[in-house]
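A.B. asks: In order, the protein sequences belong to chains P and Y.
Be aware that the first sequence starts at -10, since it is given in the numbering used here, and climbs by one per residue.
Be aware that the second sequence starts at -10, since it is given in the numbering used here, and climbs by one per residue.
Sharing a structure with you now.
There are 2 protein chains.
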Amino acid sequence: MQISELGEFGLIDHLTHGITPQNASTKLGVGDDCAVLSYPDRRVLVTSDMLMEGIHFDLVYTPLKHLGYKAAQVNFSDIYAMNGTPRQLVVSIAVGKRFQVEHLEDLYAGLRLACEERGVDIVGGDTCSSMTGLAISITCIGDAAPEDVVLRSGAQLNDLVCVSGNLGAAYMGLQLMEREKRVFESRPATDVEAAQPDFAGHEYLLERLLKPEARYDIVEQLREAGIRPTAMMDVSDGLSSELLHICKASGCGCRVYEERIPLDYQTALCAEEFNMNVTTCALNGGEDYELLFTVPLTDHDRVAQLKDVKVIGAITKPELGSVLVTRDGQEFPLKAQGFTAF
Amino acid sequence: MQISELGEFGLIDHLTHGITPQNASTKLGVGDDCAVLSYPDRRVLVTSDMLMEGIHFDLVYTPLKHLGYKAAQVNFSDIYAMNGTPRQLVVSIAVGKRFQVEHLEDLYAGLRLACEERGVDIVGGDTCSSMTGLAISITCIGDAAPEDVVLRSGAQLNDLVCVSGNLGAAYMGLQLMEREKRVFESRPATDVEAAQPDFAGHEYLLERLLKPEARYDIVEQLREAGIRPTAMMDVSDGLSSELLHICKASGCGCRVYEERIPLDYQTALCAEEFNMNVTTCALNGGEDYELLFTVPLTDHDRVAQLKDVKVIGAITKPELGSVLVTRDGQEFPLKAQGFTAF
């Protein structure tokens, strides 16, 4: 169906049909000039992310439902990184003429699935035309008790530096996708076999790229264990860049150990296949959406009990800089050459 | 200066340098994963708008500073339409390779000017690349006392229908700009004179298009006069479309009078020049950013005292439909053929 058949308001009605707010903080959702929210005893957390076709995603290998799901998760991840809970989502989408209603239904299916899983309300939708590619801008609103909010700036001397999950997998997934795209584009039109991508044994890497899961479970574990991180942020531009952000904001240095950086087996194998250094992928690859946080040294035993969390180093005096200690004991200053959308 | 010289984070630092939060509700602005806000006794209003190059604006005749100013005002307008006060702005911008740091400085200068005038804090900024045109997505957060929030759905039988300012001027400004663009593009390269646009006597129309002012003054006047509108929204897609929104949301009909629709002299003159029906321009032209609202009939005398507000009709039973009564007494159903971004 052509979008023009529904018109702008018909389209928004169609895409948001059946959405009923789940959160007590949502007083009014889609359909007026503004959404109306209420947060009497909480801090309100607001984050916004823009995803541009050709920069942040390639529709050749990104199913629209996955893209919608990921667009929501990327925003949830920023709320978790403040030690908060996502509650509302405002969705703006600009689409070119080649898009039909069914395409937007797929995109919304992914957005709605992610929101349903985490009990988040879609409270606003703006859909317009684009002269060219697809643009998605999402604002997520979340909340936290005032005393629970964790900033980047709270890391203290001797705090432990921790990271969840593993790093570099989404970056390797991206390399794989780009390789298969080149194979696909350079095949003779009659070669059906070359059109079948070869992803066997790499499924996890593709999942990390196409269907990331923001780490709500880590925030929950920390809460249950009674651990309040001193600083936290999500790893979207690569570990190296994020460590430098925390050190700059907290006025400290850090020392992290290469051998402690968590890697998945598939990531390591794939890096070898591409003749890349896997540590570099973990340090500078983007889109991991893991949580990087610091905790007081006295929480060491409790952190060690957490599932899927690894201590990778410690906070130092600022004059010592931000340093990676390699497997053979050499020291290198961390550089923010990470993933960049420029 | 090339954007790549600063990098993404350097650029955001550069553009947001010197911004210090003015509102008590802003606990943390730019620089972390989220902005942190506090609204203990208020409703939180959230609106989001996306502006795409080639759809919502044409850089041939839109100075970037004006574009930034307008992008902020468009969002303020949605907050005023809820009878609220804008407090925070989150800005996402995607730019193509032809953009330099100075271009973004201009855009931000407009955004910052609009925010300074209204005491709004820029609390978040995301800047990334675009494969093609410029895309701006802005989220505005505002507040109102719970009892002050005005929705579209509250219009009651016999309420007066009121509109601020005048309508159709921005639409005529757009026609002028498009005409001059065609003249400019079709001139011989050597014809310097043809490159000088002819806007004499039309300055007000261009200002309405390029530098709209969201009607905070109307919201203030209503407050001071002790008038609480029963329904309100801003006129961004044309009066006709907005009246239908209010009638649909409120489950009523309306009767508005052509002779009561406020028009500026320049709008009428320019419509004649273009051989257009000025009422059609006022009903279906977009981007007026005036306020359309309904008040109880008993507020008639107080509304009549308001500066720059006109009563254009009344709310009727739903079965009577939404009707325009022409100067010669004929009745036509209102149609939402208004300005559309599709």
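For every residue, glycine included, the Cβ atom is placed at its ideal position computed from N, Cα and C.
One question on the structure: do residue 80 of chain Y and residue 299 of chain Y come within less than 7 Å of each other, judged by their Cβ atoms?
C.D. replies: Not a contact, by the Cβ cut-off of 7 Å.
A.B. asks: Taking 7 Å as the limit between beta carbons, can you name the residues of its chain near residue 246 of chain P, skipping five residues before and five after?
C.D. replies: Closer than 7 Å at Cβ, skipping near neighbours: 301, 302, 314.
A.B. asks: Going by beta carbon distance, what residues of the same chain come within less than 8 Å of residue 188 of chain P, once the five residues before and after it are set aside?
C.D. replies: Here the set comprises 165, 169, 195.
A.B. asks: Helix, strand or coil for residue 197 of chain P? Go by DSSP, reduced to three states.
C.D. replies: Residue 197 of chain P falls in the helix class under three-state DSSP.
A.B. asks: Note down, one range per segment and in chain order, each beta strand (DSSP E) of at least 3 residues found wholly within the region 24 to 99 of chain P.
C.D. replies: You should have 24 to 41, 74 to 84.
A.B. asks: Do you know how far the Cα of residue 32 of chain Y is from the Cα of residue 327 of chain Y?
C.D. replies: Reliability fails at residue 327 of chain Y, whose pLDDT of 49 lies under 50, so the model's placement of it is uncertain and the value that follows must be treated cautiously. Looking at the two C-alpha atoms, the distance is approximately 31 Å.
A.B. asks: When the Cα of residue 223 of chain Y is compared with those of Y/257, Y/82, Y/278, Y/158, which residue comes out closest?
C.D. replies: Checked all of Y/257, Y/82, Y/278, Y/158; the closest Cα to residue 223 of chain Y is Y/278.
A.B. asks: For residue 250 of chain P, which option in P/281, P/36, P/113, P/15 has the closest C-alpha, if you only look at C-alpha atoms?
C.D. replies: The candidate whose alpha carbon is nearest that of residue 250 of chain P is P/281.
A.B. asks: Residues of chain Y with CB under 7 Å from residue 16 of chain P, in chain order?
C.D. replies: Under the 7 Å cutoff, chain Y gives 32.
A.B. asks: Please tell me whether residue 242 of chain P and residue 309 of chain P are closer than 7 Å, where the distance is taken between their beta carbons.
C.D. replies: Their beta carbons are under 7 Å apart, which means residue 242 of chain P touches residue 309 of chain P by this criterion.
A.B. asks: Residue ranges of each alpha helix (DSSP H) run of no fewer than 4 residues wholly in the region 120 to 190 of chain Y, ordered along the chain?
C.D. replies: Complete alpha helix (DSSP H) runs here, min 4: 158 to 175.
A.B. asks: Chain Y beta carbons: is any one of them nearer than 7 Å to that of residue -10 of chain P?
C.D. replies: Cβ-Cβ to chain Y under 7 Å: no for residue -10 of chain P.
A.B. asks: If residue 114 of chain P sits next to residue 5 of chain P, beta carbons under 8 Å apart, how far is it from one beta carbon to the other, in whole angstroms?
C.D. replies: Confirmed, about 5 Å.
A.B. asks: Suppose the cutoff is 8 Å on Cβ atoms and the five residues either side in sequence are ignored; what does the same chain contact list for residue 90 of chain P look like?
C.D. replies: Contacts found: -10, -9, -8, -6, -5, 0, 3.
A.B. asks: Tell me, please, which residues DSSP counts as bridged to residue 117 of chain Y.
C.D. replies: Answer is Y/83.
A.B. asks: If we count the other Cβ atoms within 10 Å of its Cβ and call it buried at 16 or more, is residue 9 of chain P buried or exposed?
C.D. replies: The residue is exposed, with fewer than 16 neighbouring Cβ atoms inside 10 Å.
A.B. asks: What three-state label does DSSP hand residue 242 of chain P in the structure shown?
C.D. replies: DSSP places residue 242 of chain P in strand when its eight states are reduced to three.
A.B. asks: Step through the CB atoms of chain P and report whether any lies within less than 7 Å of the CB of residue 409 of chain Y.
C.D. replies: Since the first residue shown for chain Y is -10 and the last is 331, residue 409 of chain Y is missing from the structure and cannot be characterised.
A.B. asks: Quick one: list the residues of chain A neighbouring residue 222 of chain P, beta-carbon separation under 9 Å, in chain order.
C.D. replies: Looking at the structure shown, chain A is missing, and the protein chains on hand are P and Y.
A.B. asks: Judging by CA-CA distance, which residue of P/209, P/171, P/258 is the nearest neighbour of residue 49 of chain P?
C.D. replies: Closest option to residue 49 of chain P, Cα to Cα, is P/171.
A.B. asks: Using alpha carbons as the reference points, say which of P/127, P/119, P/106, P/120 lies closest to residue 112 of chain P.
C.D. replies: Among P/127, P/119, P/106, P/120, the Cα nearest to that of residue 112 of chain P belongs to P/127.
A.B. asks: Would you report the Cα separation of residue 76 of chain Y and residue 202 of chain Y, rounded to the nearest angstrom?
C.D. replies: Each residue's Cα considered, the two are about 16 Å apart.
A.B. asks: If you measure from the beta carbon of residue 44 of chain P to each beta carbon in chain Y, is any gap under 7 Å?
C.D. replies: Judged by the 7 Å Cβ criterion, residue 44 of chain P is in contact with chain Y.
A.B. asks: Using a Cβ-Cβ cut-off of 7 Å (strictly less than) and excluding sequence neighbours within five positions of residue 70 of chain Y, which residues of its own chain qualify?
C.D. replies: 221, 222, 223, 280.
A.B. asks: In its own chain, which residues sit with a C-beta less than 8 Å from the C-beta of residue 138 of chain Y, not counting the 5 before and 5 after it?
C.D. replies: Answer for residue 138 of chain Y: 32, 34, 71, 72, 73, listed in chain order.
A.B. asks: What residues of chain Y sit near residue 161 of chain P, judged by a beta carbon separation below 7 Å?
C.D. replies: Ordered by position in chain Y, no residue passes the 7 Å Cβ test against residue 161 of chain P, which lies about 22 Å from the chain.
A.B. asks: By how many angstroms is the C-alpha of residue 43 of chain P removed from the C-alpha of residue 331 of chain P?
C.D. replies: Unreliable positioning characterises residue 331 of chain P in this predicted model, as indicated by a pLDDT of 41, which lies under 50. The coordinate reading is nonetheless provided below. Using only the alpha carbons, I get a separation of about 12 Å.
A.B. asks: Could you tell me whether the Cβ of residue 218 of chain Y comes closer than 7 Å to any Cβ of chain P?
C.D. replies: Not closer than 7 Å to any Cβ of chain P, the Cβ of residue 218 of chain Y fails to qualify, so no.
A.B. asks: From this set, Y/228, Y/289, Y/17, which residue's C-alpha is nearest residue 270 of chain Y's C-alpha?
C.D. replies: Comparing Cα-Cα distances from residue 270 of chain Y to each of Y/228, Y/289, Y/17, the minimum goes to Y/228.
A.B. asks: Are residue 238 of chain Y and residue 142 of chain Y closer than 7 Å when you measure CB to CB?
C.D. replies: Their beta carbons are under 7 Å apart, which means residue 238 of chain Y touches residue 142 of chain Y by this criterion.
A.B. asks: Looking at residue 23 of chain Y and residue 36 of chain P, is the spacing between their C-beta atoms short of 7 Å?
C.D. replies: Contact flag set, yes.
A.B. asks: For a minimum of 3 consecutive residues, which ranges assigned as the beta strand (DSSP E) are wholly contained in the region 258 to 325 of chain P?
C.D. replies: If we require 3 residues or more, the beta strand (DSSP E) runs fully inside the region 258 to 325 of chain P come out as 279 to 284, 298 to 305, 311 to 314, 320 to 322.
A.B. asks: Can the beta-carbon of residue 15 of chain Y be found closer than 7 Å to that of residue 148 of chain Y?
C.D. replies: Taking 7 Å as the Cβ cut-off, residue 15 of chain Y and residue 148 of chain Y do not qualify as a contacting pair.
A.B. asks: Tell me the rounded alpha-carbon separation between residue 264 of chain P and residue 55 of chain P.
C.D. replies: Taking the straight line joining both Cα atoms gives about 29 Å.
A.B. asks: List the residues of chain P that residue 79 of chain Y touches, going by C-beta distances under 9 Å, in chain order.
C.D. replies: What residue 79 of chain Y touches in chain P: 35, 36, 37, 128.
A.B. asks: Tell me the rounded alpha-carbon separation between residue 226 of chain Y and residue 159 of chain Y.
C.D. replies: Each residue's alpha carbon lies about 11 Å from the other.
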